[in-house]
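There are 2 protein chains.
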Amino acid sequence: MTLDSTAKPRASRGRRPSRPTGDDRELAILSTAEKLLEQHALSEISIDDLARGAGISRPTFYFYFRSKDSVLLTLLDRVIQKLDQAVVGPSERLSEDPVRYWRECLEATYTTFSAHRAVLTATVQVQHTNAEIHRWRADRAERWVTRISQAIEAERARGAAPPGPRARDLAIALNLMNDRVLYSTFTGDEPAVPESDVIDVLLNIWLTTIYQTTQPIAG
Amino acid sequence: MTLDSTAKPRASRGRRPSRPTGDDRELAILSTAEKLLEQHALSEISIDDLARGAGISRPTFYFYFRSKDSVLLTLLDRVIQKLDQAVVGPSERLSEDPVRYWRECLEATYTTFSAHRAVLTATVQVQHTNAEIHRWRADRAERWVTRISQAIEAERARGAAPPGPRARDLAIALNLMNDRVLYSTFTGDEPAVPESDVIDVLLNIWLTTIYQTTQPIAG
DNA sequence: GATTGTGTCAACATTGTGTCGAGTACGTCG
DNA sequence: CGACGTACTCGACACAATGTTGACACAATC
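Here's what the structure looks like:
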């Protein structure tokens, strides 16, 4: 998903003035935002804070972004672009080495979240109030769910996993669990699973849920 | 937990004027809020909306509540009071009939949520921005976690459940999952588990996680 | 040198929150 | 009865944050 809709349409990039200007300012806003998000929730950050941090006035901010949320969305877009190429994806190892496959799925999620906690936790926080971000998350979730439920069905088909609730429903529940558990682990809201254990705990739940044991049948 | 802190201290209740006044207004605000929450998120509701809905002016609103959030907190308090007496609690049936015990735990959570979805989903939404509500949820969560992890340990002790990750960590993860899954089921955000299946799906995950099977050993 | 597009901001308009202080209605006590 | 206190009410204000407008600057191109 490209996020053209969020950043104001910048005119043709052909001619670039030599002033200390242009994209620099946009980047300055973005990095100010990411920095501030490490300390404060998005709701506590004003547009003025972002503008000042980037060395511009508040009205000028609106030249670059249409709102605070759209800054977050752009940040998110950048994070995910990096990520989508890093996590090329637990490939076809599913039937060969299921445990490894699922561990890698989880680690991918963990890594995503961990590398840019500030941005990702902010996203979680505003998903309820911002329609665009809400849609963005729904979209991502849908793709994960599809992928995971196909994997579960494949495992059931080859007899490695027993039958059970609809694969899609399990995938949804497990996926929501991951998000929520990682969120509270990273924000440190009590009660939370300690960061050192979080992958193991989640993996355990995934495996037992899918296979009714922690030692699934390998290829 | 009583929420004295949230409602302004009403003076002695001794003398009651006969005007269409007093507690009536407070109740009017509360029911207006609950009604509006069925259609809109709390962030979309202004204090003026609440005041108008209750037939008073905005400043008068502040006579009864210190803020929008404190209305929600009071609403929550009422919901929970009803609930804490309804769900007296899956008692000592744990070792006799484990499946039933866990099903009742889940159903209690489901019922809580379901009966006052508007209030509960609003709570989820503002937990990230309101410290008081955040604390309230953390508190409730902590008590559930304690209770659940003790139950898991008891099952392990009597050999009904196999060893595994720290009981507390499982309890935290399962608990967060419940909240999150029920939230999206009730708001209907896609992807969500359909309401008709949600208890079965969650129960399945709980049982397999705790017992590594859906048929635990009964007493 | 005129034109065009990028970039800038002071000043304004708007919306929502919270407060203050002057008021009104009602029960009570002299 | 009347004056006193308390519950209650709201107009008018102060404030904070958001978003908009219109005039202006500068560089690149014609």
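Quick mapping for you: the protein sequence lines, in order, are chains P and U. With this note's numbering, letter number 168 in the first sequence gets 168, and the count goes up by one each step, no holes. With this note's numbering, letter number 27 in the second sequence gets 27, and the count goes up by one each step, no holes. For every residue, glycine included, the Cβ atom is placed at its ideal position computed from N, Cα and C.
#1: Taking Cβ-Cβ distances below 7 Å as the criterion, which residues of the region 200 to 212 of chain P are in contact with chain U?
#2: If contacts are defined as beta-carbon pairs under 8 Å, then residue 61 of chain P and residue 117 of chain P qualify, I think. What distance do you get, rounded to the angstrom?
#3: Cβ of residue 125 of chain U less than 8 Å from any chain P Cβ?
#4: Could you tell me whether the region 187 to 197 of chain U touches the region 167 to 174 of chain P, using the rule of 3 or more Cβ pairs below 8 Å?
#5: Could you tell me how far apart the beta carbons of residue 64 of chain U and residue 25 of chain U are, in whole angstroms, since I believe they sit closer than 8 Å?
#6: Does any C-beta atom of chain U lie closer than 8 Å to the C-beta of residue 189 of chain P?
#7: Below 7 Å CB to CB, which residues in the same chain sit around residue 34 of chain P once its five sequence neighbours on both sides are set aside?
#8: Kindly indicate which residue of P:46, P:59, P:100 and P:217 has the alpha-carbon position closest to the one of residue 157 of chain P.
#9: What in chain U is Cβ-close to residue 165 of chain P, meaning under 8 Å?
#10: Starting from residue 160 of chain U, trace the alpha helix (DSSP H) in both directions and tell me its first and last residue.
#11: Could you check how far apart the C-beta atoms of residue 69 of chain P and residue 133 of chain P are, in whole angstroms? I think they sit under 8 Å.
#12: I'd like to know whether the C-beta of residue 176 of chain P is nearer than 8 Å to at least one C-beta of chain U.
#13: State yes or no: is the C-beta of residue 203 of chain P within less than 8 Å of the C-beta of residue 178 of chain P?
#14: From residue 212 of chain P to residue 27 of chain U, what does the alpha carbon distance come to, in whole angstroms?
#15: What residue range does the alpha helix (DSSP H) around residue 109 of chain P cover?
#16: For residue 146 of chain P, count neighbouring C-beta atoms within 10 Å of its own C-beta (all shown protein chains included) and say buried if the count is 16 or more, exposed if not.
#17: So residue 180 of chain U contacts chain P; which residues on that side make the cut at Cβ distance below 8 Å?
#18: Flag this pair as yes or no: are the beta carbons of residue 198 of chain U and residue 182 of chain U separated by less than 8 Å?
#19: Closer than 7 Å by beta-carbon distance: list the chain P residues that pair up with residue 192 of chain U, in chain order.
#20: Straight-line CA distance for residue 138 of chain U to residue 128 of chain U?
#21: Is there a C-beta anywhere in chain P that falls below 8 Å from the one on residue 184 of chain U?
#22: The region 34 to 46 of chain P: which residues have C-beta closer than 8 Å to a C-beta of chain U, in chain order?
#23: Is the CB-CB distance between residue 221 of chain P and residue 36 of chain P below 8 Å?
#24: Could you tell me which chain U residues have their CB closer than 9 Å to the CB of residue 142 of chain P, listed as they occur along the chain?
#25: Can you list the residues of chain P that residue 169 of chain U reaches, using a CB-CB cut of under 7 Å?
#26: For residue 100 of chain U, which residues of its own chain have a beta-carbon under 7 Å away from its beta-carbon, when the five flanking residues on both sides are left out?
#27: Counting only C-beta atoms, is residue 138 of chain U closer than 8 Å to chain P at any point?
#28: Could you tell me the distance, in whole angstroms, from the CA atom of residue 173 of chain U to the CA atom of residue 57 of chain P?
#29: Which term fits residue 184 of chain U, buried or exposed, when burial requires 16 or more other beta carbons within 10 angstroms of its beta carbon?
According to the structure shown:
#1: 200, 201, 202, 204, 205, 208, 209 and 212
#2: Actually they do not touch by this definition, with Cβ atoms about 25 Å apart.
#3: yes
#4: yes
#5: 6 Å
#6: yes
#7: 75, 118 and 119
#8: P:217
#9: 197, 200, 201 and 204
#10: From DSSP, residue 160 of chain U is part of no alpha helix (DSSP H); its letter is neither H nor E.
#11: 7 Å
#12: yes
#13: no
#14: 50 Å
#15: 98 to 115
#16: exposed
#17: 176, 177, 179 and 180
#18: yes
#19: 172
#20: 11 Å
#21: yes
#22: 41 and 43
#23: It is not possible to answer for residue 221 of chain P, since the shown part of chain P is limited to 1 through 219.
#24: 190 and 191
#25: 193, 197 and 201
#26: 93
#27: yes
#28: 45 Å
#29: buried
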